[in-house]
Amino acid sequence: MNTSWYEQELVKEFKTVIAHSFPQVDELLKHCHVKLIESYWGRPRVHFLPYFTIYCPDNLIADVKAKISILREVAEYAGLVEVVCLNATHLLRDPMSKVKQTAPHLWLELQWLATQKQEHLL
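Following the working numbering, the numbering of the sequence shown begins with 48 at its first residue and continues without gaps.
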């Protein structure tokens, strides 16, 4: 399985359903980065538990978390087990974070998110 293609398709489906069904939530997600995380449990690594992580700038994290039940409902519809919201601004400032070394493209995306000026949407 090509995980890159799989990730892109699930994220695209998730965003499409949100855009069509929940326009206010879609406006929030336009300022966030949605990523599919694939986790494995057990030995051998057979239990595949995918979930969405939504990286939000500091000024939107509370608004996105307020919509978590909607996001989880849509994720469940897409066959995922959970949605997690992370504060991108705090993650970038965390001296223990290894994002820059382990995922440089994600690090750049989060840098961009954290520096954008968003109007309060809701």
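Yeah, the Cβ is synthetic: ideal placement off N, Cα and C, and Gly gets one too.
Quantities reported herein were computed from a predicted structural model and do not represent experimental measurements.
Same chain, Cβ closer than 6 Å to residue i, neighbours up to 5 away in sequence not counted
i           : result
residue 118 : 130
residue 128 : 96 and 98
Under the three-state DSSP convention, the category residue i falls into
i           : result
residue 144 : coil
residue 157 : helix
residue 69  : coil
residue 127 : coil
residue 97  : strand
residue 43  : It is not possible to answer for residue 43, since the shown part of the chain is limited to 48 through 169.
residue 114 : coil
Proximal residues to residue i (C-beta, below 8 Å), its chain only, five neighbours per side dropped
i           : result
residue 139 : 146, 154, 157, 158 and 161
residue 120 : none
residue 105 : 134, 135, 136, 137 and 161
CA-to-CA distance, residue j to residue i, given in whole angstroms
i           : j           : result
residue 68  : residue 112 : 18 Å
residue 78  : residue 126 : 24 Å
residue 52  : residue 81  : 15 Å
residue 54  : residue 76  : 17 Å
residue 143 : residue 110 : 26 Å
residue 122 : residue 84  : 12 Å
residue 63  : residue 141 : 32 Å
Where the beta strand (DSSP E) containing residue i begins and where it ends
i           : result
residue 133 : 130-134
residue 77  : Segment: none, residue 77 is in no beta strand (DSSP E) and carries neither H nor E.
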